[in-house]
Amino acid sequence: MAQILISALLPIIITLLLGYFAGIRKDLDGYAAVILNKVILKYCLPLSLFGGIVSTKRIELLKNGPVAAWILLGMIGGYLVYFLIAHYGFKASRQVTALRALTISGPAIPFIGPVILGALFSRESALLIGIGSLILSSIQIPMSIVLLTPDTKNQCTSVKNTLGPIFKQGIVWAPLLAFVLSMSGC
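Heads up: the sequence shown begins at 387 in this note's numbering, then just goes up one per residue.
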């Protein structure tokens, strides 16, 4: 078990240390970090999720339905439980509570998942990461944005304009497309 944890966490620690030392040596400035993040989030991660899910056979997707349901229940359930208790029980503001609920229940699965889940569940890791990413980007983030949007007369238009760009992101539509293709048998 210790070997699995070390093999899962060591790449993260080394990457963080490399970034830290590159910053100290001024090898990478803030602009380079922004470019690297864009490349990873806009291209590498969506392609990785797409490839992992689309290569999963339909039977495997169906077999992992209960796992997807538990991930959904844990992420959405955790969000709602915290939100309801903090907002209605402790009278915290809707916006602050929404941000805290997202922080607590929205794991960094698209970013840390490949390393940790890949070490623990090598075959199913792409599917688990894809499911978690879909829930985070297509349910939790939009739900938080709706809760963060101030009450206005044009609430529906405001929400539509806010959520539209989210679903144009590769990290949202690539796993969805891969899931549809896998389920259709392509």
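A virtual CB, placed ideally from N, CA and C, is assigned to each residue, including glycine.
Where residue i falls, given that 16 or more other Cβ within 10 Å makes a residue buried
i	result
residue 465	buried
residue 461	buried
residue 452	exposed
residue 550	exposed
residue 516	buried
residue 390	exposed
residue 448	exposed
residue 571	exposed
residue 479	exposed
Closest Cα partner of residue i within the set the options
i	options	result
residue 513	481, 432 and 473	432
residue 527	414, 557, 440 and 568	557
residue 535	485, 569 and 414	485
residue 418	569, 405 and 552	405
residue 490	522, 436 and 562	522
residue 507	422, 450, 420 and 412	450
residue 495	427, 441, 529 and 552	427
Residue i versus residue j - alpha carbon distance
i	j	result
residue 483	residue 518	21 Å
residue 444	residue 504	20 Å
residue 467	residue 533	15 Å
residue 393	residue 402	15 Å
residue 565	residue 499	18 Å
residue 471	residue 477	9 Å
residue 555	residue 520	12 Å
residue 567	residue 531	29 Å
residue 437	residue 501	16 Å
residue 475	residue 469	9 Å
Cutoff 8 Å: residue i Cβ touching any chain B Cβ
i	result
residue 554	Although the question refers to chain B, the structure presented lacks it and comprises just one protein chain.
Quiz prompt | Contained alpha helix (DSSP H) runs [length at least 4] in the region 510-571, N- to C-terminal order | solution = 511-521, 527-534, 541-549 and 556-570
Practice problem: Would you list, in sequence order, the uninterrupted alpha helix (DSSP H) runs of no fewer than 4 residues that lie entirely inside the region 399-460? | Solution: 416-425, 431-440 and 444-449
Quiz item: What alpha helix (DSSP H) runs, 4 residues minimum, are completely inside the region 452-508?
Solution: 480-491 and 495-506
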